[in-house]
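Residue 2 in numbering that gives the first Met the number 0 is what sits at position 3 of the sequence shown, and the numbering runs on without skipping anything.
All C-beta atoms, glycine included, are put in the ideal place defined by N, C-alpha and C.
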Amino acid sequence: MDTDDLQLSGSEWDLMKILWDKNPVTANQIAELTPQWHPKTVRTMLIRLQKKGAVGYEVIDGIQHFKPVYEREHCESSATQSFMQRVFDGALTPMIAHFTRQQKLTNEEKQALIALLQDENHQGEK
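Below is the structure:
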């Protein structure tokens with residue numbers, strides 16, 4: 000399975016963020032970091048993520064230490080592409096227009112977006 004097929008729930012994203020930050024990490028360590036989840040919930044989510052191919056583990060001193068299979072950036076890119084395709088038929092401009100209408104940008108954010116677009120356009124000239 001590759002990340003193109005990987006669909007993560009909000010809670011699974013939260014757990015993956017811990018794995019990206021702390022890997023390798025045990026289920027008990029994750030449970031300590033997430034008091035809102037019961038330890039059995041953490042284990043269930045880890046099993047589900049293993050079945051999805053997002054999480055692997057290594058045994059250290061007889062204890063499973065979990066780690067992400069994919070880099071965070073790779074998963075974010077895949078999720079973004081999937082979202083854009085499903086919601087905006089793969090078109091970037093309507094997506095940006097939607098988000099900028101819903102969430103007003105500060106002047107600093109506008110300048111950063113303009114700079115990003117100008118840099119992207121300039122890179123295309125090379």
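Report buried or exposed for residue i, applying the criterion of at least 16 other Cβ atoms within 10 angstroms of its Cβ.
i	result
Leu91	exposed
Val54	buried
Glu98	A small fix is needed here, since residue 98 is Phe in this sequence, not Glu. Per the 10 Å Cβ criterion, exposed.
Phe65	buried
Pro67	buried
Ala96	exposed
Ala26	buried
Ile29	buried
Leu18	buried
Val24	buried
Glu41	Per the sequence presented here, residue 41 reads as Val, with Glu not at that position. Per the 10 Å Cβ criterion, buried.
Leu48	buried
How would you write the range of the alpha helix (DSSP H) that residue i sits in, first residue to last?
i	result
Asn27	26 to 32
Tell me the DSSP secondary structure of residue i in three-state form.
i	result
Trp12	helix
Trp19	helix
Leu116	helix
* Whole alpha helix (DSSP H) elements within the stretch 40 to 110, 4-residue minimum -> 71 to 87, 91 to 101
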